[in-house]
Every structure is written in C-alpha cells, then in structure tokens.
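So the structure is just underneath, and the comments pick up after that.
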Amino acid sequence: MDDYYQRVYKVVEQIPMGSVTTYGAVASFLGIASGARMVGYALNKVAETNIPAHRVVNRNGELSGRAYFPDDTMRERLKQEKVTFVDEYQVDIDRHFWDPNEEME
DNA sequence: GACCTGACGGTAC
DNA sequence: GGTACCGCCAGGT
C-alpha cells in the first residue's frame, strides 16, 4: 500500500527539531510494530526530499541510514539541530527520543 | 510465482 | 552485558 509510505512521511514530518524517533516507534504508531524495516525502506525513498528522515534512527540511536544520504548530511543536520551525540554516528536517543504515539495519538 | 534482501526489533543463548 | 538468530512486511529479481 503506497498509503503506508504516506503515513510514514507524515509522522516523520511531525518530528520537532532537535528530537529524533526510532523506526520501531513509527512502525508501532502505524500499527505494525514488526514492520520497522518497512519504515526505513520507505524513508530511503524520501532521503532526497523535504522529509527530515535524518531524525529517524534505529532503537540504538545509531544513524544506520547515513550511508543513504550524500556525505554526512544526516549527521550534520542533527548536530545543527543541537542533537546530542554519544558517538560520531550515534545520537543520545534516550535524551532526544520523540514518541509519535504521545504527540499524534 | 518463489526466493532473496533490506535505514530493524525482540528474545534466546 | 554482548552476540546470534529468527521473525515481520514489502518490493525487486
């Protein structure tokens, strides 16, 4: 369902600056807790659009999809948003975590 | 139409 | 506490 992707984009667009969420959180919000992979797959298609896909990381806070962005766009944008990094390619997910289920219920 | 792969997650060992 | 394996949904070959 292409509508599925639309929902993913819509949720990702709601992520406030300086905050990040996880694939699992988005998937859970869409009703498919086990479809975290699909979320990342969908974001891959919007990596070059206006969707802030860089604010979505895995459950460990790692920028697993940075390779799909040109250069270090993902890391640079997050740093620009004052997001705390615990590692060169890992954000402080526990500190900036944003749950769509609590903001868009 | 069947099999393989993929920006992940949770549980088991 | 860290590593390994299996499970999920969709899409491409």
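Heads up, this note's numbering is the position in the first sequence plus 1126, with the first residue counted as 1. For glycine and all other residues, C-beta sits at the position ideal for the given N, C-alpha and C.
Counted within 10 angstroms of its Cβ, other Cβ atoms place residue i as buried (16 or more) or exposed
i	result
Gly1157	exposed
Arg1221	exposed
Pro1178	buried
Ile1219	buried
Arg1185	exposed
Pro1226	buried
Thr1175	exposed
Ala1230	A quick correction: the sequence has Met, not Ala, at residue 1230. By the neighbour-count rule (16 or more Cβ atoms within 10 Å), Met1230 is not buried but exposed.
Met1143	exposed
Straight-line gap, residue i to residue j (C-alpha atoms, nearest Å)
i	j	result
Pro1196	Gly1150	24 Å
Tyr1131	Arg1192	20 Å
Asp1129	Ser1190	24 Å
Met1164	Tyr1215	22 Å
Supposed contact pair residue j and residue i - C-beta distance, whole angstroms, cut 8 Å
i	j	result
Ser1154	Arg1181	Contact doesn't hold; Cβ gap of about 16 Å is too wide.
Val1212	Gly1187	7 Å
Val1183	Val1137	Not confirmed; about 14 Å, so no contact.
Q | Any 3 or more C-beta pairs closer than 8 Å across the region 1203–1219 and the region 1164–1174 | A | Note that the region 1203–1219 does not touch the region 1164–1174; fewer than 3 beta-carbon pairs, one per stretch, sit closer than 8 Å.
Q: Identify every run of the alpha helix (DSSP H) within the region 1142–1223, keeping only runs that are complete inside it and at least 4 residues long; order them along the chain.
A: Listed in chain order, they are 1149–1156, 1162–1172, 1199–1206, 1219–1222.
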